[in-house]
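Engineer: Below are the structure tokens for one structure; questions will follow.
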Amino acid sequence: MPRRKTKIDGVELLNFLLSRTQLSPTSCREWLGPIQENGYVKIWYSGTHRWAHRVVYELATGVSPGDLHVLHKCDNPKCINPNHLEIGTRSDNMLDCAIKGRWHTEARTSAMRVSRAKKLSPSYVMAIRTKEQNGESVKSIAKEFGIDCSMVRMIANLKTWVDLP
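In our numbering, the protein residues as written are 6 to 170.
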């Protein structure tokens with residue numbers, strides 16, 4: 006069967022791509038076609054192979070991500086649900102990855118420690134304090150949040166983030 010030569014508009018292409026998915030219990034639209042070794046989906050679009058989640062984001066929002074990353078809020082690389090995608094920087098992506106435990110090498114985690122300490126949210130700070138008060142080791146907390154042990158101690162001892170309980 007010959008390839009389709011006619012151009013289709015963005016809405017039609019988006020609907021076509023979404024029709025090739027299966028809805029998961031978490032509302033992910035999981036791609037049913039071939040998957041790359043890294044778990045992500047590649048498609049042919051505008052004369053080149055592109056990551057499907059980037060194409061879907063662009064078609065759904067009308068905004069090209071350019072040099073920015075398109076992040077999966079659901080952490081499912083097979084998902085192309087536009088509602089599960091958001092734009093962010095490489096640092097945002099690495100931070101999210103490390104916080105959620107999807108970034109496993111110590112060398113990578115160490116490289117992010119300083120910048121991550123600046124990006125801790127109030128909810129993470131409160132979680133760190135709770136874990137420390139419940140007897141979890143400073144070392145394990147530091148590893149989980151990708152920050153230095155000294156930062157965990159400063160947070161736990163109210164030397165930083167003093168405006169939070």
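A virtual CB, placed ideally from N, CA and C, is assigned to each residue, including glycine.
Fair warning: this is a prediction, and the values are worked out from it, not measured in the lab.
1. Can the beta-carbon of LEU55 be found closer than 7 Å to that of VAL75?
2. Quick one, which of GLU149, SER155, VAL143, ILE48 has its alpha-carbon nearest ILE85's?
3. Can you tell me which of the three DSSP states ARG59 falls into?
4. Would you check if there are 3 or more beta carbon pairs closer than 8 Å linking the region 94-109 to the region 64-79?
5. Between SER142, LEU90, ASP14, which lies nearest to SER32 when the distance is taken from Cα to Cα?
6. Do you know how far the Cα of ASN20 is from the Cα of ARG34?
7. Would you mind sorting LYS83 into buried or exposed? The rule is 16 or more other CB atoms within 10 Å of its CB.
8. Closest by CA to GLY93, which one among ILE104, ASN81, ASP80, ASP72?
9. Helix, strand or coil for GLN41, going by three-state DSSP, please let me know.
Structural biologist: A quick look at the data gives this:
1. The residue given as residue 55 occupies position 50 in the sequence shown. The residue given as residue 75 occupies position 70 in the sequence shown. The identity of residue 55 in the sequence shown is Arg, whereas the question assumes Leu. Taking 7 Å as the Cβ cut-off, ARG55 and VAL75 do not qualify as a contacting pair.
2. One-based indexing of the sequence shown puts residue 85 at position 80. Nearest C-alpha to ILE85: ILE48.
3. Numbered from its first residue, the sequence shown carries residue 59 at position 54. Helix, per DSSP.
4. yes
5. Numbered from 1 along the sequence shown, position 27 holds the residue referred to as residue 32. The option with the nearest alpha carbon to SER32 is LEU90.
6. To locate residue 34, count along the sequence shown from 1; it is residue 29. To locate residue 20, count along the sequence shown from 1; it is residue 15. Cα-Cα distance, rounded: 12 Å.
7. Counting from one through the sequence shown, the residue named residue 83 turns up at place 78. Around the beta carbon of LYS83, a 10 Å sphere encloses 16 or more other beta carbons of the protein chains shown; the residue is thus reported as buried.
8. As a first step, residue 93 is located in the sequence shown; it is residue number 88 there, counting from the start. With distances taken between Cα atoms, GLY93 lies closest to ASP72.
9. On the sequence shown, position 36 is the one that residue 41 refers to. The answer is coil: DSSP assigns GLN41 none of H, G, I, E or B.
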